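*Asks:* Here it is, the structure, as structure tokens.
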Amino acid sequence: MPPSSTGQQFPASSQGLQMPPSSTGQQFPPSSQGFQMPPSSTGQQFPPSSQGFQMPPSSTGQQFPPVSQGLQMPPTTGQQFPPSSQGEQLLPPGRGQQYPSSSQGQQYPPSSQGQPLLPPSKGQKYPPSAQGQQMLPPGRGQQYPPLSQGQQLPPSSQGQQTLPPGRGQQFQPSSQQTPPLPQGQQLPPPPHGLASSQRQQFSPQGPLTQPQQQSKGGLATFPPPMQSQTPNRPQKSAINPDAMPNPIDELKNARTEFQTHVNGVSPPPVMMNYSVKEAVNCSPRFLRSSMYNIPISSGVMKDTKLPLSVCIQPLNKIPPQDQLPIVNTLPHGPVRCNRCRAYMNPFMYFINNGQRFLCNLCNGHTDVPQEYFCNVDHRGIRADKDMRPELNFPSYEFIVNQDYCRNNKFPETPAYVFVIDVSYNSIQSGMVNLLCRSLLPLLDNLPRVDGADDSDIRVGIITYDKSIQFYNLKDSLVTPQMLVVADTEDVFIPLLDGFFVKPAEAKSMLQSVAEQIPAMFQNSRHTETVLGQAVKAGFLALKEAERCGKVFLFNTSLPTAEAPGRLKNRDDRKSLGTDKEKNLLQPQIPFYKNLAKECVKHGVGVDLFLFPNGYTDVATIGCLSSVTGGSIYKYSHFKAAQDGARFCSDLSANLNRAVGFDAIMRLRTSAGKFRFASIRPTDFYGNFHMENVTDIELATVDSSKSFNIIIKHDDKLEENRLVHLQVALLYTSINGERRLRIHNISFSVGATVQDVYKSCDLETVLSTFTKIAAYNLPLNSPKNIREEITSQCAQALASYRKHCSTGSPPGQLILPECLKLLPVFINSFLNSDLMRGVEISIDDKSWLRHLMNSMKLESLLTSLYPRVLPLHNLNLESSNEPSPIRCTRDKLEKNGAYFLDNGLVLFLWIGSKIDTNWLMNVFGIPSFAELQPESINTIIKLDNPLSEQIHHIMGQIQARKDRCLKLIIVKEEDRMEPWFNYFLVEDRNRNHPSYVDYLCFLHKQIRELLE
Ligand SMILES: [Zn+2]
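The sequence shown begins at 1 in the UniProt record's numbering and counts up by one.
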């Protein structure tokens, strides 16, 4: 018999890359992608972790803790937690340094960094609220320290906020801000007009203030109408826009610090440059939840009318001081719970003198493997705790063994294949020439391991038109050799030896091929291409070389040549916005999706760089990226002279960013009573592939990607216990190491709807709605999807009103404090090109859909509420960005100039009364009349402080982006201005409702729901 669940070693599987070995015989459905769980070793069968657990067969002497009491604790009465640093203590390595895979007792050099997140050194004490205590559940009768329920929210997040008329004033119509609705529009007038009440606390222009009387749960309130008893009397327009909740005022008042050890509090806004303190739970930059008090039951959950969802950005950029510790677990692999397979983390609790541990997720007992054993003190704390990042930090990386590798073999270093369209259009646009000139310098910057001279990543080159050309770059050749595969029906790889090279070792060959390609194809008359088979060729090269990695495709046209993957032109702009739109957002043939699934099986991601002059069917070829976790860039009507810098910048940023390959991600969730999973992940949104119901498969994943997972209740939670989540991302690093990145987080439980609404997270709610909408666009009409979102918003706000604000006058619009900006963002999303655009191409819509599916939160927020920065009154002494202003035309002055950044385009709007000195300093042009925006692709840096300052601001904006912004100059009342106006999202544009209109509409729906 194989070893039983105690003290066993993880079996070495011979079956492909595995999810962690199960030691309890838990069986996962076999994946068709070579990711397999090892066979059960004991013949016991457990369902997958997210589907409920059975009691394990009893092991000898095993005792389960009383389920209702939290984990077992050492001595009970009157106990005090001494600082955990008593006894002998060794300082761990600094953050970001690698920890050796030690048993206890090893010596580490003292850290010289002394970051606050490190445990205290000898003689020091943890501050009362620091992690030492947090990780320990209290014993019977004890109270949880601040981390648990009963948390007092700061007044600002509990208070009721009333909106918005002036003191004692009735709302005055503000016709210029809220122009009359166009004919035929469905938006009703504000039901009663929103007038002041005795409770309102707002001055007409002043910021939102807090009233003295605070009720449970955060409220933002629209005062009741003055004349609610005469509801049928038509009221003039209603709301003072200056007093409406808006992201700009919100940011001014936001916290700049987030303490993760305080449960039940949502993090600061995504757009805030906040710091994370007390790292008990993982940073919100990696994971945010729509709720920080998880509803106790599905009943409370339903009553909130909001989704319980997490937004995971597993490789997101973080400040340098917060870099993750890396733990080498070789040769044994990480320690895991036998029952649910969760990884060792700070919330696991050691018992039986350190011989076993209790899992924080499922309550399961696991014997501590011999090599991991360490003595514990009377509180259950291991003597080596401070040396083990996985017992101290919420996020960390394990370097793992062959059990976590495909075919039980450590991976080769990843490779990139550049697949370049060399047909007529590509050559004419200048793309091929520019790419070939830029590629070699860009390859110099491929990511490398710290301290290494060169990157380990290998590269290979393929070109294609009607045939496919491979290049042999072997150093023994005099010049590169081109091999042509003309039979594109059944593509094969004509060479492997010499195809992949290390750029640092093959510079002259790469240089030579980069010079020859544009020359060889400069007179090409081929307009038809075999895109699908060219990507397949790149994939096969990686597959045969047994390397994971990426295919970078550079393509200009619809693949119409006779070969598998050939596409028809089915462009039909008239169908945009209609019921037929969804058909064009679905792939026209299954070829590309099937190829992408093959790519995922072998850890090959696909990034698309598209340079179309016409329809290229992004909905179909985009599957290559959306299924593999890749990115799509689109440069319509590309001209190298105009768009070349942007393209090179995008390619450079893509090649340089943090990236993982051949990845698999799983979210594990808390179990409750009787060891059944009380909550579990059910729905997954983003760009990835899934073969089973639990694992997100990503051929490639990088810092710009996010994923949303909806979580549902299977059972009631326990009010006094924390709910735990653990995200595990298994991936191959740029130097071919197999790594596991773990993020841990805990939440308190909310017993009532009020508890839940105290700490909802706007950003996660938004990303859930927008990702679900993007997912549904190929399945439903945009109109139905828009109505559904509005209905969900209204239901949530009505539910809040019903459960949390019962004493308020019925005519009052009341918004929960934490979600008071939901209407402005949702209205912007509903009016966006993705949801309503009929003036864009169907390819652009597919592309926007792809972006929205995986957009990280910061990008999402900027796309929904662009940042508008005034540039005409800059403080030239300051290096700070100017403060952003609200995104409405009312705030733009005729003598002003403003940047508007929506994440894809950076507009520079210039008012007609702009100071001529300003124009002279920035453009070298003496008058507004002489400014010709069409002829300006870039703002040239001139030798004066204003010009330098504007360039500095542009640099700051761009530094936060994953892709290069396209600069567009717009003069007031110029022909481009309507396009610019479209991104002033508080205003009414193209007959789409303004923010005020939408708020009134929502108010009416809420009233109907309550009546
Ligand atoms: Zn477990």
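Even glycine gets a Cβ: it sits at the ideal position worked out from N, Cα and C.
Just so you know, these numbers come straight off a predicted model, no measurement behind them.
Distance check for residue 592 and residue 1023, CA to CA, integer angstroms please.
*Replies:* Residue 1023 lies beyond the stretch modelled for the chain, which goes from 1 to 1011, so this question has no answer here.
*Asks:* From residue 950 to residue 922, what does the alpha carbon distance come to, in whole angstroms?
*Replies:* Rounded to whole angstroms, residue 950 to residue 922 spans 8 Å at the Cα level.
*Asks:* Taking residue 725 as part of the beta strand (DSSP E), name the residues at either end of that continuous run.
*Replies:* Run containing residue 725: 723-732, per the beta strand (DSSP E) assignment.
*Asks:* Answer yes or no: do residue 698 and residue 663 have a C-beta to C-beta separation smaller than 8 Å?
*Replies:* Contact flag set, yes.
*Asks:* Nearest by alpha-carbon distance to residue 513: which of 534, 463 and 848 is it?
*Replies:* It is 463.
*Asks:* Counting C-beta neighbours from all protein chains within 10 Å, is the total for residue 995 16 or more, i.e. buried, or is it exposed?
*Replies:* By the neighbour-count rule (16 or more Cβ atoms within 10 Å), residue 995 is buried.
*Asks:* Any residues whose CB sits closer than 5 Å to a heavy atom of ligand 1? List them in chain order?
*Replies:* Any residue whose Cβ sits closer than 5 Å to a heavy atom of ligand 1 makes the list: 337, 339, 340, 342, 359, 361, 362 and 364.
*Asks:* Which term fits residue 451, buried or exposed, when burial requires 16 or more other beta carbons within 10 angstroms of its beta carbon?
*Replies:* The residue is exposed, with fewer than 16 neighbouring Cβ atoms inside 10 Å.
*Asks:* In chain order, which continuous runs of the beta strand (DSSP E) of length 3 or greater are located wholly inside the region 554-592?
*Replies:* Segments of the beta strand (DSSP E) lying fully in the region 554-592: there are none.
*Asks:* Taking the alpha carbon of residue 581 as the point to measure from, which residue in 711, 785 and 770 has its own alpha carbon closest?
*Replies:* Comparing Cα positions, the closest option is 785.
*Asks:* So the alpha helix (DSSP H) residue 511 belongs to, where does it begin and stop?
*Replies:* Here the alpha helix (DSSP H) through residue 511 covers 507-520.
*Asks:* At a cut of 8 Å, does the region 838-854 reach the region 871-883 through at least three beta carbon pairs?
*Replies:* As far as the Cβ criterion goes, the region 838-854 does not touch the region 871-883, which means the pair count is below three.
*Asks:* From which residue to which residue does the alpha helix (DSSP H) around residue 651 run?
*Replies:* Taken as a continuous stretch (DSSP letters only), the alpha helix (DSSP H) holding residue 651 covers 640-656.
*Asks:* Take residue 963 as the anchor and find which of 895, 433 and 648 has the nearest alpha-carbon.
*Replies:* Checking every option, the nearest Cα to that of residue 963 belongs to 648.
*Asks:* Apply the 10 Å Cβ neighbour rule to residue 477 and answer buried if 16 or more other Cβ atoms are within range, or exposed otherwise.
*Replies:* Under this definition residue 477 is an exposed residue.
*Asks:* Sort 559, 733 and 575 by Cα distance to residue 568 and report the nearest one.
*Replies:* Checked all of 559, 733 and 575; the closest Cα to residue 568 is 559.
*Asks:* Hey, residue 380 and residue 347: beta-carbon distance below 8 Å or not?
*Replies:* Cβ distance not < 8 Å, so residue 380 and residue 347 don't count as in contact.
*Asks:* Classify residue 954 as helix, strand or coil using the three-state DSSP reduction.
*Replies:* Helix.
*Asks:* Helix, strand or coil: how does DSSP classify residue 663 here?
*Replies:* The answer is strand: DSSP assigns residue 663 an E or B state.
*Asks:* So residue 510 and residue 495 are supposed to be a Cβ contact under 8 Å. How far apart are they, rounded?
*Replies:* Not really, about 16 Å apart at Cβ, beyond 8 Å.
*Asks:* What does the alpha-carbon distance come out to for the pair residue 899 and residue 241?
*Replies:* Straight-line Cα distance between these residues: approximately 22 Å.
*Asks:* Counting C-beta neighbours from all protein chains within 10 Å, is the total for residue 959 16 or more, i.e. buried, or is it exposed?
*Replies:* Residue 959 comes out exposed.
*Asks:* What is the residue span of the beta strand (DSSP E) that residue 744 lies within?
*Replies:* Per DSSP, residue 744 belongs to the beta strand (DSSP E) from 738-750.
*Asks:* Would you say residue 424 and residue 527 are within 8 Å of each other, going by their C-beta atoms?
*Replies:* Against a cut-off of 8 Å, the Cβ pair of residue 527 and residue 424 comes out as a contact.
*Asks:* Residue 756 and residue 300 - do their beta-carbons sit closer together than 8 Å?
*Replies:* Contact: yes.
*Asks:* Go through its chain and collect everything with a Cβ distance to residue 1009's Cβ below 7 Å, but skip five positions before and after it.
*Replies:* Excluding sequence neighbours, residue 1009 sits near 794, 795 and 798.
*Asks:* At what residue ranges does the UniProt domain "Gelsolin-like" (879-954) contain a whole run of the beta strand (DSSP E), taking only runs of 3 or more?
*Replies:* Taking only runs of at least 3 residues, the beta strand (DSSP E) segments lying wholly in the UniProt domain "Gelsolin-like" (879-954) are 897-901 and 905-910.
*Asks:* In chain order, what residues of the same chain have a beta carbon less than 6 Å from the beta carbon of residue 657, not counting five sequence neighbours either side?
*Replies:* So the qualifying residues of the chain are 702 and 703.
*Asks:* Taking only three categories from DSSP, how would you classify residue 823?
*Replies:* DSSP places residue 823 in helix when its eight states are reduced to three.
*Asks:* Could you tell me if residue 713 is buried or exposed, where buried requires 16 or more neighbouring beta carbons within 10 angstroms of its beta carbon?
*Replies:* Looking at its Cβ environment, which holds 16 or more other Cβ atoms inside 10 Å, residue 713 is buried.
*Asks:* Can you look up residue 291 in the DSSP assignment and give me helix, strand or coil?
*Replies:* Three-state result, residue 291: strand.
*Asks:* I need the DSSP call for residue 347, collapsed to helix, strand or coil.
*Replies:* Coil at residue 347, not helix or strand.
*Asks:* Let me know the secondary structure DSSP gives residue 259 once reduced to three states.
*Replies:* Strand.
*Asks:* For residue 600 versus residue 533, is the C-beta spacing smaller than 8 Å?
*Replies:* No, these two residues do not count as a Cβ contact at 8 Å.
*Asks:* Following the continuous beta strand (DSSP E) through residue 869, name the residue where it begins and the one where it ends.
*Replies:* Where residue 869 is concerned, the enclosing beta strand (DSSP E) stretches over 867-870.
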